[in-house]
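Undergrad:
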Amino acid sequence: MGNMEKWVSGGTSVSEKDIKAGDIFHTFDSLDCEYTWDCGKAIGKYLSELKKGNIIAKKCNECGRIMLPPRMFCELCFRPTDDWVYVEDTGIINTFSICNVHWDASRVEEGEDPPLPAVIEINGATKGMGILHLLGEVKPEDIKIGMKVKAVWKPEEERTGAITDIKYFKPY
Amino acid sequence: MRDVAVVGAGMTNFVRRALETPKELSYEATKNALDSCGLQLDDIESIAHGSAPDAFDGIHQKGEYLADGCGGFNKPTMRVYVGGATGVHSLIHGWYHVASGHFDTCVVVCEEKMSSAMPHAQAFFKTIFDHTTERPLDPTLLWIFAMEMKRYMETYGYTKEDMAIVAEKNKNQGIKHPASQFDTEVTVEDVLNSEVMAYPVNRLDVSPVSDGAVAVVLASDRVARQITDQPVWVEGVGWNLDTAYWATRDLYYPRYCEKAAWMAYDMAGIRNPIEDIDIAEPYDPFDYKALHHMEGLQLSPKGKTVDLLKDGYFDQDGEIAMCPSGGLMGVGNPIAAAGTMKIAELFWQLRGEAGERQVPGSPKLGVAQAWGDLMQVSSVVVMGN
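Chains as they are written, first to last, in our numbering: chain W, 3 to 174; chain G, 2 to 386.
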């Protein structure tokens, strides 16, 4: 190993137990991070259409792509996009996971439903144009790539103009 | 443009929960790298360093904070940050400092301490997703890896067992690395029987959470041979960035990696990478990613990679040694430092100093690659002796 040994510093491992026992210096910061994010023109319209129960895309007449999420400029042609296009609220599963871990790395508990994220290619958008969403009303073991799925919308009065106005996609 | 050589390398152990601060880790790696080639900080004209998300340490603009430990005090110092690709991108960034003719020497140092964030660094990855269209779904980084792995396996009919072979190979290879955080052998069975994190990803399909730092010393052709008889030359560099609309790409193939690889190969004058490259250090935070990236690096025909893996093509003594260091799976994954560890491995391998891990037959050319952000950026460096 050449003379690498002499280069290696002594690392020191600390166990979870040491932290719990309070043997490790620990501090807690609670940051009040609030943001007023601008949705922009394209996502703003996307969200307001979701509130009405529609999925809307944007087309670039140069490359012909019908894009989701919609965007005001085509990143391939680098020009403004053209027409707004209503697409279906159905699609196919491009890929998926059955997740036993929450976003904060905590484990899904016994009896709790695992999050079922998927990339869903929406019918009416250009083939391969997927969006990230969740699956529901399906047994995890039955999920397949290529499965046809349809949006399950929140009741109209509960919609807020957010991606979560679609609760999830279910097989149909 | 001047030729640039790596003339020294050093690293800390990769560990879970180091007691050292990020600055102390950076100092250890930097000092070790300088000692390895008999230089003092005074001999160094510029510093290039890299570290991944600030949120891990709870220190915003961590580059400036780390600069002291990197030897950057009162020196021209720059930080590069492209998520997981940082470790190799920082080398490219240092290469510019010297290739431009502006400096004769540069230290490249990358550091990551993942353990400061409580209860788990994973939570901080939520904020890399789009705030409006994705974050309300409570995504974890595991989702995109799991979905990419699923898509990759489905496209070619690869199985979970096939992927686990990589975990077994890299983890067991890593035991030979003196800085590795592992000392226990694992089998394909162990991988398949480990906890399912996010199907199809099991716990042992994933690299560990680590703390550590790695540094290398760069020198221009003008001074490299005065520093060492065995400079290792940076033959080619390449990088590429794909769209942040990650769900609109076909995840089975890393197109950005292919583009970055050809940029580096073209510069190095390589026409047939499978023939020319002796050692590959593809970025392997997950086992499938090593194979995914071997295809992107043009070192294996699409869909044939598992066959070659099973035939021993990628073993330490195979046609192309894949991750002889043990990779992130085998040594550990302090994000930015892990990429630079691959650069350091090529340096040691091409000088014949890799000990038990040494690839036989006097290897001539190696490629290191890293990958990050929303699965969209790759950096590639070709090194030769």
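No residue lacks a Cβ here, since even glycine has one placed at the ideal position from N, Cα and C.
Tell me whether G:R223 sits in a helix, a strand or coil according to DSSP, three-state version.
TA: In the three-state DSSP reduction, G:R223 falls in the helix class (H, G or I).
Undergrad: Please name the residue, chosen from W:N125, W:R109, W:A127, that lies closest to G:V120 on a Cα-to-Cα basis.
TA: According to the sequence displayed, residue 120 of chain G carries Pro and not Val. Here the closest residue by C-alpha is W:R109.
Undergrad: Give a yes or no on whether 8 Å exceeds the smallest Cβ distance from G:A199 to chain W.
TA: It does; some Cβ of chain W falls within 8 Å.
Undergrad: In this structure, how does DSSP classify W:L33 when only helix, strand and coil are distinguished?
TA: coil
Undergrad: Measuring only the C-alpha atoms, how far is G:I145 from G:Y66?
TA: Their backbone Cα atoms lie some 31 Å apart in a straight line.
Undergrad: Using only the alpha-carbon positions, how far apart do G:A261 and W:P157 sit?
TA: 47 Å
Undergrad: Please work out which residues of its chain come closer than 7 Å, Cβ to Cβ, to G:P209, disregarding the five sequence neighbours upstream and downstream, and give them in chain order.
TA: Same-chain partners within the cutoff: R17, Q182, G333, N334.
Undergrad: Touch check for the region 51-64 of chain G and the region 348-366 of chain G: three-plus C-beta pairs under 8 Å?
TA: no
Undergrad: Are the beta-carbon atoms belonging to G:A34 and G:V218 less than 8 Å from one another?
TA: yes
Undergrad: Any C-beta of chain G sitting closer than 8 Å to the C-beta of W:E77?
TA: yes
Undergrad: Name the chain W residues that come within less than 7 Å of G:G59, Cβ to Cβ?
TA: D31
Undergrad: Just how far apart, CA to CA, sit W:T128 and W:L134?
TA: The straight-line gap separating the alpha-carbon atoms of W:T128 and W:L134 is approximately 15 Å.
Undergrad: Using only the alpha-carbon positions, how far apart do G:L205 and G:P286 sit?
TA: 11 Å
Undergrad: Going by DSSP in three states, W:R161 sits in which element: helix, strand or coil?
TA: coil
Undergrad: Indicate the three-state DSSP secondary structure (helix, strand or coil) for W:N5 in the structure shown.
TA: At W:N5, the pLDDT of 45 sits below 50, so the modelled position is not reliable; the number obtained from the coordinates is stated separately. In this structure, W:N5 counts as coil in the three-state DSSP scheme.
Undergrad: Using the beta-carbon count (16 or more within 10 Å), is W:S11 buried or exposed?
TA: Because the pLDDT at W:S11 is just 48, under 50, the model does not fix this residue reliably, and the value given afterwards should be weighed accordingly. Buried, because 16 or more other Cβ atoms sit within 10 Å of the Cβ of W:S11.
Undergrad: Does the beta carbon of G:P120 come closer than 8 Å to any beta carbon on chain W?
TA: Taking a beta-carbon distance threshold of 8 Å, G:P120 counts as an interface residue toward chain W.
Undergrad: Kindly indicate if chain G contains any beta-carbon less than 8 Å away from that of W:N56.
TA: no
Undergrad: Leaving aside the five residues before and after W:C76 along the sequence, list all residues of the same chain whose C-beta is less than 6 Å from its C-beta, in chain order.
TA: Residues C62, T83 of the same chain have their beta carbon placed closer than 6 Å to that of W:C76, with the five preceding and five following residues left out of the count.
Undergrad: Does DSSP put G:D43 in a helix, a strand or coil?
TA: If DSSP states are grouped into helix, strand and coil, G:D43 belongs with the helices.
Undergrad: At 3 residues or longer, what runs of the beta strand (DSSP E) sit wholly inside the region 163-239 of chain G?
TA: If you keep only unbroken beta strand (DSSP E) runs of at least 3 residues inside the region 163-239 of chain G, you get 197-200, 212-221.
Undergrad: What is the rounded straight-line gap between the Cα of W:R73 and the Cα of W:I147?
TA: Distance between the alpha carbons of W:R73 and W:I147: 27 Å.
Undergrad: How would you list, in chain order, the residues of chain W whose beta-carbon sits under 7 Å from the beta-carbon of G:A124?
TA: W105, D106, A107
Undergrad: Got a sec: is the Cβ-Cβ distance from G:E162 to anything in chain W below 8 Å?
TA: no
Undergrad: Measure from the C-beta of W:L137 to each C-beta in chain G and report whether the shortest distance is under 8 Å.
TA: Under the 8 Å criterion on CB atoms, W:L137 is classed as non-interfacial with respect to chain G.
Undergrad: Taking Cβ-Cβ distances below 9 Å as the criterion, which residues of the region 351-379 of chain G are in contact with chain W?
TA: Of all residues in the region 351-379 of chain G, R352, G353, E354, A355, G356, E357, R358, Q359 have a Cβ within less than 9 Å of some Cβ in chain W.
Undergrad: Residues of chain G with CB closer than 7 Å to the CB of W:V121, please, in chain order.
TA: M148, A248
Undergrad: How many whole angstroms separate the CB atoms of G:A322 and G:D277, which I take to be in contact at a CB cut-off of 8 Å?
TA: With 8 Å as the limit, G:A322 and G:D277 do not qualify as a contact, their Cβ atoms being about 14 Å apart.
Undergrad: Taking 8 Å as the threshold (C-beta atoms), are W:I95 and W:P71 in contact?
TA: no
Undergrad: Between G:M150 and G:V202, which are expected to be in contact by the criterion C-beta below 8 Å, what is the C-beta distance as a whole number of angstroms?
TA: Confirmed, Cβ separation roughly 6 Å.
Undergrad: For the region 288-308 of chain G and the region 82-100 of chain G, state whether three or more C-beta atom pairs, one from each stretch, are separated by less than 8 Å.
TA: no
Undergrad: Considering only C-alpha positions, which residue in the set G:A19, G:L42, G:D251, G:A265 is nearest to G:V382?
TA: G:A265
Undergrad: Classify W:M131 as helix, strand or coil using the three-state DSSP reduction.
TA: coil
Undergrad: Report yes if the CB atom of G:A269 is closer than 8 Å to the CB atom of G:G88, and no otherwise.
TA: Between G:A269 and G:G88, the C-beta gap is not smaller than 8 Å, which leaves the two residues out of contact.
Undergrad: If the cut is a Cβ gap below 7 Å, which residues of chain G does W:A164 touch?
TA: Within 7 Å Cβ-Cβ: P137.
Undergrad: Just to make sure I have the definition right: I need the residues of chain W whose C-beta is within less than 9 Å of the C-beta of G:K305. Which are they?
TA: Ordered by position in chain W, no residue passes the 9 Å Cβ test against G:K305, which lies about 21 Å from the chain.
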